[in-house]
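For the sequence shown, the working numbering gives the first residue as 3, with consecutive numbering after it.
Cβ coordinates follow ideal geometry from the N, Cα and C atoms, glycine included.
Taking it in order: structure first as structure tokens, then the write-up.
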Amino acid sequence: MFGVKLNDDTLLSSLGLLGNQLRGSSSMGGGGGSHPNIVLDTYTSSSSTQSPSITIGNNSNRLLIATIGYSIVASESVSSVKIGSTNFTKASSITISGGNFYQDVWYLINPPTGAETVAVTFASGSPDYAIGLISLYNCDQTNGINASSLATAGGLSNTTRSVAITPTNTGSWLIMGGIDEAGNVTPATNLYNQIDSSGTSFFEGGSYNSSPTINSSNTFSWTASGTGHWNAIAVEVLRA
Numbered sequence: 003m004f005g006v007k008l009n010d011d012t013l014l015s016s017l018g019l020l021g022n023q024l025r026g027s028s029s030m031g032g033g034g035g036s037h038p039n040i041v042l043d044t045y046t047s048s049s050s051t052q053s054p055s056i057t058i059g060n061n062s063n064r065l066l067i068a069t070i071g072y073s074i075v076a077s078e079s080v081s082s083v084k085i086g087s088t089n090f091t092k093a094s095s096i097t098i099s100g101g102n103f104y105q106d107v108w109y110l111i112n113p114p115t116g117a118e119t120v121a122v123t124f125a126s127g128s129p130d131y132a133i134g135l136i137s138l139y140n141c142d143q144t145n146g147i148n149a150s151s152l153a154t155a156g157g158l159s160n161t162t163r164s165v166a167i168t169p170t171n172t173g174s175w176l177i178m179g180g181i182d183e184a185g186n187v188t189p190a191t192n193l194y195n196q197i198d199s200s201g202t203s204f205f206e207g208g209s210y211n212s213s214p215t216i217n218s219s220n221t222f223s224w225t226a227s228g229t230g231h232w233n234a235i236a237v238e239v240l241r242a
């Protein structure tokens, strides 16, 4: 028989989504025993519509995360994120004073499966925006994320940006949403780097860490092309 170690993150990471599925089916590695590992189902991003679509797989213990970047309008906010009449929960929102650049992360436990539309409503209705959606499974169905470990960062700075988060639960994943006025948002294990709806204001990025060091600081970082406003939110997704 072929001796493939399903907890070899180097090998599995090279296989992309297939590697994530192998992680989830394995009883080895971060999941362990009766607790299957979290798995990345699919993801998408858009700045052409405030109601992007995503096709969610029919998997157990689903979680859908929305990262939303928006700008230009002072005192702007996201008033709701929904699939049909079902509301997402806001994990966090951050802005930098004077910059009018905002980052939100919202999530929905046990979203419906199949082709779905996620409707994002802004208070003013007219900011520049970019929206990312990340579908996971084998996630906790009571809380979804660990609110206690959530981390934010941001500022008006030169090329280096980073947000550090300390997860506290075995088998958890980390998800980051970030907005950058000065250029691309491209940490390691980046999922999308979406320019905003105007094509000129900012980029919205979404990234993950599938094997963080528990009870230690884990950092998402990237280098932009120059000085600009930026914000980032990192959340710990809990395993089922």
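Please say whether Ala184 and Ser128 have beta carbons closer to each other than 9 Å?
no
Considering only residues of the same chain and omitting the five flanking positions on each side of Pro214, which have a CB-CB separation below 6 Å?
Pro169, Leu176, Asn220
Top-ranked residue by Cα proximity to Thr57, from Tyr109, Gln105, Pro114
Pro114
Taking 9 Å as the threshold (C-beta atoms), are Asn140 and Ala242 in contact?
yes
By how many angstroms is the C-alpha of Thr202 removed from the C-alpha of Leu138?
31 Å
Helix, strand or coil for Ser73, going by three-state DSSP, please let me know.
strand
For the beta strand (DSSP E) that Asp142 lies in, which residues bound it at each end?
Asp142 -> no beta strand (DSSP E), and no H or E assigned at all.
Residues bridged to Gly101 [DSSP beta-bridge criterion]:
Looking at the DSSP assignment, Gly101 forms no beta bridge with any residue, so it has no partner.
Can you say whether Ser48 is buried or exposed, counting buried as having 16 or more other CB atoms within 10 angstroms of its CB?
buried
Segments assigned beta strand (DSSP E), at least 3 residues, entirely inside the segment 144-193:
153-159, 162-167, 175-182
Under 8 Å by Cβ, that's how I've got Asp198 and Tyr131 pegged, so tell me the actual separation to the nearest angstrom.
6 Å
Chain-order list of residues whose beta-carbon lies under 6 Å from that of Ser212 (same chain, five-residue window excluded)
Trp175
Can you grab the Cα-Cα spacing for the pair Glu206 / Arg163, in whole Å?
13 Å
Pick helix, strand or coil for His231, following the three-state DSSP scheme.
strand
Provide the residue span of the beta strand (DSSP E) that contains Gly116, from first to last.
116-119
What does a CB cutoff of less than 6 Å around Ile67 pick up in its chain, not counting 5 residues either side in sequence?
Tyr109, Ile136, Ile177
Using 10 angstroms around the beta-carbon of Ala234, count the other beta-carbons present and answer buried if the total reaches 16, otherwise exposed.
buried
Within 10 angstroms of the Cβ of Gly116, are there 16 or more other Cβ atoms? Answer buried if so, exposed if not.
exposed
Can you give the Cα-Cα distance for Val239 and Ile74, rounded to whole angstroms?
30 Å
Between the beta-carbon of Asn192 and the beta-carbon of Gly179, is there less than 9 Å?
no
What is the residue span of the beta strand (DSSP E) that Gly208 lies within?
205-211
Thr97 beta carbon less than 9 Å from that of Gly156:
yes
Can you tell me which of the three DSSP states Ile216 falls into?
coil
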